[in-house]
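Let me begin by presenting the structure, written as structure tokens, before commenting on it.
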Amino acid sequence: MADINISDEKPILVIGGGMSGLTTALEAAEAGAKVVLVEKEPFLGGRVARINKYYTKLCPPSCGLEINFRRMKKNPNIECHTLAEVESVSGAEGDYDVSIRVNPRYVNENCTACGKCAEVCATEITNDFNLGMNKTKAAYLPHYMAFPMRYVLAPEIIGTDDAKRCLDACAYDAIDLDMQPETVNVKVGSIVVATGWEPYDAAKIDNMGFGTCENVITNVMMERLAAPNGPTEGKILRPSDGKEVKKVIFAQCAGSRDENHLPYCSGVCCLASLKQATYVRDQYPESEATIFYIDVRALGRYEDFYQQVESDEKVSLIKGKVAKVEEDPGTKDPIVEVEDTLSGEKIKAQADLVVLATGIVPNTLGNKIPVDITCDDFGFMVSDPEKPGVYAAGCAKRPTGVADSVQDATGAALKAIQSIRR
Ligand SMILES: Cc1cc2nc3c(=O)[nH]c(=O)nc-3n(C[C@H](O)[C@H](O)[C@H](O)COP(=O)(O)OP(=O)(O)OC[C@H]3O[C@@H](n4cnc5c(N)ncnc54)[C@H](O)[C@@H]3O)c2cc1C
Ligand code: SF4
Ligand code: SF4
Numbered sequence: 137m138a139d140i141n142i143s144d145e146k147p148i149l150v151i152g153g154g155m156s157g158l159t160t161a162l163e164a165a166e167a168g169a170k171v172v173l174v175e176k177e178p179f180l181g182g183r184v185a186r187i188n189k190y191y192t193k194l195c196p197p198s199c200g201l202e203i204n205f206r207r208m209k210k211n212p213n214i215e216c217h218t219l220a221e222v223e224s225v226s227g228a229e230g231d232y233d234v235s236i237r238v239n240p241r242y243v244n245e246n247c248t249a250c251g252k253c254a255e256v257c258a259t260e261i262t263n264d265f266n267l268g269m270n271k272t273k274a275a276y277l278p279h280y281m282a283f284p285m286r287y288v289l290a291p292e293i294i295g296t297d298d299a300k301r302c303l304d305a306c307a308y309d310a311i312d313l314d315m316q317p318e319t320v321n322v323k324v325g326s327i328v329v330a331t332g333w334e335p336y337d338a339a340k341i342d343n344m345g346f347g348t349c350e351n352v353i354t355n356v357m358m359e360r361l362a363a364p365n366g367p368t369e370g371k372i373l374r375p376s377d378g379k380e381v382k383k384v385i386f387a388q389c390a391g392s393r394d395e396n397h398l399p400y401c402s403g404v405c406c407l408a409s410l411k412q413a414t415y416v417r418d419q420y421p422e423s424e425a426t427i428f429y430i431d432v433r434a435l436g437r438y439e440d441f442y443q444q445v446e447s448d449e450k451v452s453l454i455k456g457k458v459a460k461v462e463e464d465p466g467t468k469d470p471i472v473e474v475e476d477t478l479s480g481e482k483i484k485a486q487a488d489l490v491v492l493a494t495g496i497v498p499n500t501l502g503n504k505i506p507v508d509i510t511c512d513d514f515g516f517m518v519s520d521p522e523k524p525g526v527y528a529a530g531c532a533k534r535p536t537g538v539a540d541s542v543q544d545a546t547g548a549a550l551k552a553i554q555s556i557r558r
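Written out as structure tokens, the structure reads:
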């Protein structure tokens, strides 16, 4: 076999900086490959950064993310672009020309995250990190462990007195109001798509009360409500009146396994609801959590976690798909209608809060990236022998949890390395 001169190798392009993209980039870089990582948000970590605790260990996302960020800092092989999107890709395996658009952050690498700009900024914008459940200053750090640890100025304030106030408050010469979008052109040898997922739009499920009942939320909102850096600083409170919750219902398969919405099983939402039942129970010892399900999908080694949560006498699991959620106009309590499939009994249950276990939609659906990929009927990317050089990792490929995303990503890194060394 001929010697390989890795210093001449083209980099691997990784699109998406969630757990799958981060892992792909790190595994490839630690094996000596060069990597260009492109993330559209101002921070890395993807959806995982927005969860409160991981099942099954129930540790915070900082556990997994921090170690990866430390690996990133140490590795000169990764060129990372946040607030960036791939604009065009041409060529073939081994020789792609890629054009990346990097949007202005208006804050440079001098930023110490001191927060003085946020103190003087008067404008507030919707807090996307908290899924729009609260507001944040227009000069903001996306979240407390953001990587890069650097503030962002929202484009809304550029050209206003507010931006000028931020500039004057910064003692580190870190604000640059003249920053413009930039185009970065790179040549790469292979591509890994790790663009992840978004939650299914619960408003499309008309019978579930989302948008019409104030105290019906989704599972991703629940993660933010329970998180110490969320809109309620970790207190699980009713959106309508801020009251503590005593009775919470989880409605499984909200949109998933339904021909009218997502025909597939979203894989993670049974475990997510079991986990969220522990958030409620841990916070309010007198509370009750009821999970209405079609089947509980907690496969393999997750069975233990399922049994552990089920053993709590204040957690009930009832087999039955929620048929309807309506609001009691007086109390704003959601009322759930469901048939217990095992007993045949028709149940009408009132709760303080209903959490819809909404499913996972791949961001590759309707392919929004300029890369020629092959997807299945649901938008998940499939490997295509006709298109060597392009691989998928994590939820771009299938609905899956973090552990499996990491394994996928490690495999994708190997495929991408093989591709550039072929
Ligand atoms: C309610 C809920 C709770 C969950 N809790 C857990 C849990 O406790 N434990 C667990 O193991 N799993 C959990 N999961 C699953 C977990 O969220 C996924 O396994 C994980 O997010 C997969 O990571 P990913 O990198 O594939 O995708 P993502 O986290 O979605 O990351 C994708 C990244 O790509 C970026 N991106 C998208 N499009 C582009 C583009 N065009 N250009 C550049 N960047 C782009 C995104 O901004 C994002 O940063 C949960 C899921 C749900 C729904
Ligand atoms: S931009 Fe300047 S003022 Fe704002 S956090 Fe960074 S260093 Fe501090
Ligand atoms: S994981 Fe559970 S809640 Fe989610 S779609 Fe599958 S069966 Fe339904």
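If you want the numbering used here, it's the 1-based position in the sequence shown plus 136. Where a beta carbon is used, it is the ideal one built from N, C-alpha and C, also for glycine. Keep in mind it's a predicted model, so treat the numbers as computed, not measured.
- At least one heavy atom of ligand 3 is found less than 8 angstroms from the C-beta of C389.
- Taking the Cβ atoms as the reference, I385 lies roughly 6 angstroms from A485, within the contact range of under 8 angstroms.
- For S555, the enclosing alpha helix (DSSP H) starts and ends at 538-556.
- For R286, the shortest separation between its Cβ and any heavy atom of ligand 2 lies below 8 angstroms.
- In this structure, A275 and C253 form a Cβ contact; the two beta carbons are roughly 4 angstroms apart against a cut-off of 8 angstroms.
- Contact between the region 426-439 and the region 449-463 is present, with at least three C-beta pairs closer than 8 angstroms.
- Judged by the Cβ position, L313 fails to qualify as a neighbour of ligand 3 at the 8 angstroms threshold, every heavy atom of the ligand being at least this far.
- Contact between the region 307-318 and the region 470-482 is not established, with fewer than three Cβ pairs separated by less than 8 angstroms.
- The Cβ-Cβ distance between I203 and T331 does not fall below 9 angstroms.
- Contact between E221 and V172 does not hold, since the beta-carbon distance rounds to 13 angstroms and is not under 8 angstroms.
- If you check the C-beta of G495 against ligand 3, you find a heavy atom less than 8 angstroms away.
- A residue is called buried once 16 or more other Cβ atoms fall within 10 Å of its Cβ, and P465, having fewer, is exposed.
- The region 397-412 and the region 351-366 touch, with no fewer than 3 CB-CB distances between them shorter than 8 angstroms.
- Going by DSSP, K484 is part of the beta strand (DSSP E) stretching over 482-486.
- With a cutoff of 8 angstroms, V243 counts as near ligand 2, since its C-beta is closer than that to a heavy atom of the ligand.
- Relative to the Cα of G525, the nearest Cα in the group G157, I556, N503, P535 belongs to I556.
- Out of T159, N246, C199, the CA that lies nearest to the CA of M208 is found in T159.
- Within the chosen limit of 8 angstroms, ligand 2 reaches the beta carbon of T248 through at least one heavy atom.
- For R393, there is no enclosing beta strand (DSSP E), as DSSP marks it with neither H nor E.
- Closest by C-alpha distance to D512, out of A425, R534, Y527, is R534.
- The region 541-557 makes contact with the region 147-155: 3 or more CB pairs, one atom from each, lie closer than 8 angstroms.
- Set against 8 angstroms, the gap from the CB of I187 to the closest heavy atom of ligand 3 is not smaller.
- For L303, the enclosing alpha helix (DSSP H) stretches over residues 297-305.
- Its Cα nearest to that of T546, the residue L162 stands out among L162, I509, T368.
- The region 238-257 makes no contact with the region 334-347: fewer than 3 CB pairs, one atom from each, lie closer than 8 angstroms.
- Taking a C-beta distance under 9 angstroms as the contact criterion, Y438 and Y191 qualify as a contact pair.
- The three-state secondary structure of V445, taken from DSSP, is helix.
- For R237, the uninterrupted beta strand (DSSP E) segment begins and ends at 231-238.
- In this model, E449 and C349 are separated by some 28 angstroms (Cα to Cα).
- Annotation: the region 324-372 contains the following complete segments of the beta strand (DSSP E) (minimum length 3 residues), in chain order: 326-329, 333-335, 352-354.
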